[in-house]
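Contents: one structure, followed by commentary.
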Amino acid sequence: MPAYEFSVLVKVLPKPELSAVLKRVGILLLDKGVVLQKIQNVGTTNLPYRIRKEGVYYKQGSYFAYAFTGSPKIFADVEDACVCDPDILKYGFVETYKKYPESCTLEEELRPPAFRTSVLKLLEDGKKRKERARPFYRHIKEYNYFDVYM
């Protein structure tokens, strides 16, 4: 199953009410059959613009991120529930990608730049581009002072 992140922007609330909102969202996701991996508090900040919800403008909000694995078929149901929730200002799903471990290139990186394969490849590419650019300028003749004025 693919991994997703559900980002939620909640209006600034006291701790008991905030925990109730987070619990509601978590239970909503769990009821849809997802596997929650973590809940992350991103922080409370000033919003980049005012957000209006139920006739009230909000300038601050708390960001939270739910990391989970599950089916994308639940997105519509969760969004419908979040629209009706008066404490949630914004929400959204993002697909997260697993980073595969790269092979260790420490030995290659510790070599002097002139001997690294990546630098040698860049130098070869530069030579090829330079050779390709020369035919374009062949018709231009270089003049010196004696050709023009003598």
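Numbering (numbering that gives the first Met the number 0), first residue to last: 0 to 149.
Think of the CB as a built atom: it goes at the ideal place given N, C-alpha and C, for glycine as much as any other residue.
Computed from a predicted structure; not experimentally measured.
Residue i to residue j span [Cα, whole Å]
i, j, result
"residue 45", "residue 105", "42 Å"
"residue 25", "residue 93", "16 Å"
"residue 47", "residue 128", "45 Å"
"residue 87", "residue 5", "12 Å"
"residue 95", "residue 68", "10 Å"
"residue 21", "residue 57", "19 Å"
"residue 62", "residue 9", "6 Å"
"residue 34", "residue 50", "31 Å"
Residue i in three-state terms, based on DSSP
i, result
"residue 47", "strand"
"residue 70", "coil"
"residue 54", "coil"
"residue 33", "coil"
"residue 6", "strand"
"residue 11", "coil"
"residue 61", "strand"
Start-to-end residues for the alpha helix (DSSP H) that takes in residue i
i, result
"residue 24", "14-30"
"residue 101", "Residue 101 -> no alpha helix (DSSP H), and no H or E assigned at all."
Option in the options with minimal Cα separation from residue i
i, options, result
"residue 91", "101, 80, 97", "80"
"residue 82", "16, 66, 52", "52"
"residue 1", "36, 19, 85, 30", "36"
"residue 155", "12, 70, 108, 60", "Residue 155 lies beyond the residue range present for the chain, which begins at 0 and ends at 149; the question has no answer from this structure."
"residue 72", "14, 32, 120", "32"
"residue 66", "76, 17, 97", "97"
Extent of the continuous beta strand (DSSP E) run through residue i
i, result
"residue 94", "87-95"
Query - the region 101-116 in contact with the region 36-52 per 3-pair CB rule at 8 Å - result: no
Under 8 Å: do the region 21-36 and the region 106-126 share three or more Cβ pairs, one atom per stretch? no
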